[in-house]
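In this note's numbering, the protein residues as written are 1187 to 1733.
Data first, discussion second: the structure below is written as structure tokens.
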């Protein structure tokens, strides 16, 4: 049964258990379910009860008056009473009678009044809320603006998780999209996205394509780790700052998780229905730009015998310009899937995202430095950033900038944080001094030297306050004695990843080239001419000269 419950209906059950514990009851009865419904304030049931002037405080007072409180808190799972179980069964019947394939908070409320014998029903009658009055109010709210219409569109085929939409808020939010994706624009406004450095050309090109009348769907194509998702995050940040053309102001960028859409769709047609409802929400809102990472997964997503894949469902809307989508995929996947499906390919405008140069990568790392310093509570020097970009480019050949350079900085910072103590040395010295002062104070009290004990007490207070200030400064990142990572720490991580000895990475390039013959002669005996020829060829290559 619980798999049909919406998220808020499940939360009601959790809150009912909390109420039982608070009242020290060793069971969950109808009265606890009623309290749970009232505490889930955004649910439709809470709105119905509020319209009837029924509040949590008034109901809780009635429960204490009728049932009283228990003597001790029960540990572990608290069982439902037979009447509470019957309420949940009646909620299912109420949902089916209304033609809903989910169980929301409103159905649980209807189940409560239909049961009509428990403590909850008695309390509701005390507040002059009989079953007919509650049922009429539920029906009124379901059929009103943002009620049943929104509930129905958000629920069909959504199973357990889609129930949030059933609660029918009047807010401008997309419940299905919130369930199957993330709002990047909201994350940007909350400051939860990393800063995007550079990529102005790609962001400008995206804005141009999105402003077209038809076929206004850009697709970012590039190797993994070059920053395709970061480009879209940069666009979200620009929208938040209103630094976009008039046409794009007020738009919301949502990422769509195809795996979440497919997950749990057991029956034929269920996935297609979910996707169509998501598309319907997008077209009804009219202010949503959909970002689909790993766009190639559209081809074949959800397809089964007798079913169609996601790409075929999206194509008509993409062509008409009703659905604005930004895609991202790798070069290999683009060739393998999208180029093969020419009908899908022509709906998108290709934007190639190249790997940044070492200089651009250093600028990107400088833009991210504050976030990593704050997280790891360390300092990152300019030398470390330059070394990360250069060494990643030279020695880690199976990955791409700036991703591999960012990973180097992150892991070197993590390693430094683990190596360093959890608190600065001054902090530990203060703790030792406080402990010594405390012992001296206790000794002075035992010796009845009360004036000395009072002075030591004052000293202990001063030291404790100083320690607290130092702790606050260290936690907020103002401490000046944080450990710093430099070129050597970056080289250590590269050495760990690649197996190349550290000294060979940090040694000046010119010194290595000058001593190349001597180093080779240590391993290669009696091949002077060959060693000399190879060394000269390598020196010419490093100097940028060609034959």
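All residues carry an ideal CB built from backbone N, CA and C; glycine is no exception.
Task: Euclidean distance between Cα positions of residue 1536 and residue 1376 - done: Here residue 1536 refers to the residue found at position 350 when the chain shown is read from its first residue. Here residue 1376 refers to the residue found at position 190 when the chain shown is read from its first residue. Answer to the nearest angstrom: the Cα atoms are 30 angstroms apart.
Task: CA nearest to the CA of residue 1644, picked from 1627, 1634, 1653, 1656 - done: Residue 1644 sits at position 458 when you count from the first residue of the chain shown. It is 1627 whose Cα lies nearest to the Cα of residue 1644.
Open item on the list: Could you compute how far the alpha carbon of residue 1416 sits from the alpha carbon of residue 1591?
Closed with: Taking the chain shown and counting its residues from 1, one reaches residue 1416 at position 230. Taking the chain shown and counting its residues from 1, one reaches residue 1591 at position 405. Using only the alpha carbons, I get a separation of about 15 angstroms.
Task: Whole-number beta carbon distance between residue 1438 and residue 1473, since they are thought to touch under 8 angstroms - done: As a position in the chain shown, residue 1473 is number 287, starting the count at 1. As a position in the chain shown, residue 1438 is number 252, starting the count at 1. Right, their Cβ atoms sit about 6 angstroms apart.
Task: CA-to-CA distance, residue 1436 to residue 1221, given in whole angstroms - done: What you label residue 1221 is simply residue 35 of the chain shown in a count that begins at 1. What you label residue 1436 is simply residue 250 of the chain shown in a count that begins at 1. Rounded to the nearest angstrom, the two C-alpha atoms are 39 angstroms apart.
Task: 6 angstroms CB neighbourhood of residue 1469 in its chain, flanking five on each side removed - done: Here residue 1469 refers to the residue found at position 283 when the chain shown is read from its first residue. Here the set comprises 1508.
TODO: Tell me whether residue 1367 sits in a helix, a strand or coil according to DSSP, three-state version.
DONE: Along the chain shown, one-based indexing puts residue 1367 at 181. Here residue 1367 sits in strand by DSSP.
Task: alpha helix (DSSP H) runs contained entirely in the segment 1383–1416, provided each spans 4 or more residues - done: 1386–1396
Task: Helix, strand or coil at residue 1479 [DSSP, three-state] - done: Residue numbering aside, residue 1479 sits at position 293 when the chain shown is read from its first letter. Strand.
TODO: Entirely within the segment 1274–1341 and at least 3 residues each: give me those beta strand (DSSP E) ranges in chain order.
DONE: none
Task: Exposure of residue 1589, with buried meaning 16 or more beta-carbon neighbours within 10 Å - done: The residue labelled residue 1589 in the question sits at position 403 within the chain shown. Residue 1589 should be labelled buried.
Open item on the list: Would you call the segment 1524–1532 in contact with the segment 1570–1579, where contact means no fewer than 3 C-beta pairs closer than 8 angstroms?
Closed with: no
Task: 6 angstroms Cβ shell around residue 1372 - same chain, five flanking residues per side excluded - done: Taking the chain shown and counting its residues from 1, one reaches residue 1372 at position 186. Result list for residue 1372: empty, nothing under 6 angstroms.
Open item on the list: Given a cut-off of 8 angstroms on the beta-carbon distance, is the pair residue 1563 and residue 1616 in contact?
Closed with: Along the chain shown, one-based indexing puts residue 1563 at 377. Along the chain shown, one-based indexing puts residue 1616 at 430. No, these two residues do not count as a Cβ contact at 8 angstroms.
- [ ] Buried or exposed for residue 1713, please, with buried defined as at least 16 other CB atoms from any protein chain shown within 10 angstroms of its CB.
- [x] The residue given as residue 1713 occupies position 527 in the chain shown. Looking at its Cβ environment, which holds fewer than 16 other Cβ atoms inside 10 Å, residue 1713 is exposed.
- [ ] Would you check if the segment 1397–1410 and the segment 1454–1463 touch, i.e. whether three or more CB-CB distances between them fall below 8 angstroms?
- [x] no
Open item on the list: Using a 10 Å radius around the Cβ and a threshold of 16 neighbouring Cβ atoms, would you call residue 1414 buried or exposed?
Closed with: Numbered from 1 along the chain shown, position 228 holds the residue referred to as residue 1414. Flag for residue 1414 reads buried.
Task: C-beta neighbour in chain D for residue 1620, strict 8 angstroms - done: Considering every chain present, this structure includes no chain D. It has just one protein chain.
Open item on the list: My parser needs the alpha helix (DSSP H) runs of 4 or more residues fully inside the segment 1531–1584; what are they?
Closed with: 1544–1562, 1568–1581
Task: residue 1636 (DSSP reduced to helix, strand or coil) - done: Here residue 1636 is taken as the residue at index 450 of the chain shown, counted from 1. Reduced to three states, the DSSP call for residue 1636 is helix.
- [ ] Could you tell me which of 1636, 1236, 1447, 1465 sits nearest to residue 1502, measuring between CA atoms?
- [x] As a position in the chain shown, residue 1502 is number 316, starting the count at 1. Cα-wise, what sits closest to residue 1502 is 1465.
- [ ] Let me know the secondary structure DSSP gives residue 1213 once reduced to three states.
- [x] If you number the chain shown from 1, residue 1213 lands on position 27. Residue 1213: coil per DSSP, three-state reduction.
Task: Cβ shell of residue 1431 (< 7 angstroms), same chain only, five flanking positions each side left out - done: Within the chain shown, the letter at position 245 stands for residue 1431. Counting only Cβ-Cβ distances below 7 angstroms, and skipping sequence neighbours, we find 1393, 1397.
Task: residue 1726 burial status per 10 Å Cβ neighbour count (16 or more: buried) - done: Numbered from 1 along the chain shown, position 540 holds the residue referred to as residue 1726. Label assigned to residue 1726: exposed.
Open item on the list: What does DSSP give as the partner residue(s) for residue 1469 in the beta ladder?
Closed with: Locating residue 1469 in the chain shown gives position 283, where the first residue counts as 1. Answer is none; residue 1469 lacks a bridge partner.
Task: Contact set for residue 1519: own chain, Cβ-Cβ below 6 angstroms, skip 5 residues either direction - done: Locating residue 1519 in the chain shown gives position 333, where the first residue counts as 1. For residue 1519, where only same-chain residues beyond five positions count, the Cβ hits under 6 angstroms are 1482.
Open item on the list: I'd like to check one pair, residue 1226 with residue 1197: are the Cβ atoms closer than 8 angstroms?
Closed with: To locate residue 1197, count along the chain shown from 1; it is residue 11. To locate residue 1226, count along the chain shown from 1; it is residue 40. The answer is yes: Cβ separation under 8 angstroms.
TODO: Put residue 1512 into one of helix, strand or coil per three-state DSSP.
DONE: In the chain shown, the residue the question calls residue 1512 occupies position 326. Strand, per DSSP.
Open item on the list: So if DSSP puts residue 1713 in a beta bridge, which residue, or which two residues, is it bridged to?
Closed with: Start at 1 with the first residue of the chain shown, and residue 1713 comes out as number 527. Looking at the DSSP assignment, residue 1713 forms no beta bridge with any residue, so it has no partner.
TODO: Determine the closest residue to residue 1389 out of 1522, 1425, 1517, 1236, with distance taken between C-alpha atoms.
DONE: Taking the first residue of the chain shown as 1, we reach residue 1389 at position 203. Answer by Cα proximity: 1425.
Task: Proximity of residue 1407 and residue 1567 at Cβ, strictly below 8 angstroms - done: Your numbering for residue 1407 matches position 221 in the chain shown. Your numbering for residue 1567 matches position 381 in the chain shown. No; because the gap between Cβ atoms is not below 8 angstroms, this pair is not in contact.
TODO: Under 6 angstroms Cβ to Cβ from residue 1638, same chain only, skipping five residues before and after it: list those, please.
DONE: Against the chain shown, residue 1638 aligns to sequence position 452. Within the same chain, residue 1638 has close Cβ partners 1630.
TODO: Check whether the Cβ atoms of residue 1387 and residue 1289 lie closer than 8 angstroms to each other.
DONE: For this step, residue 1387 is matched to residue 201 along the chain shown. For this step, residue 1289 is matched to residue 103 along the chain shown. It is not a contact, given that the beta carbons lie outside the stated cut-off.
Open item on the list: Please determine whether the Cβ atom of residue 1300 lies at a distance below 7 angstroms from any heavy atom of the ligand PLP.
Closed with: Annotation note on the ligand PLP: not contained in the displayed structure, which lists no ligands.
Task: Alpha-carbon to alpha-carbon, residue 1327 and residue 1471 - done: In the chain shown, counting from the first residue as 1, residue 1471 sits at position 285. In the chain shown, counting from the first residue as 1, residue 1327 sits at position 141. Between residue 1471 and residue 1327, the C-alpha separation is close to 22 angstroms.
TODO: Would you list the residues sitting across from residue 1191 in a DSSP beta bridge?
DONE: Position 5 of the chain shown holds residue 1191. Paired residues: 1289.
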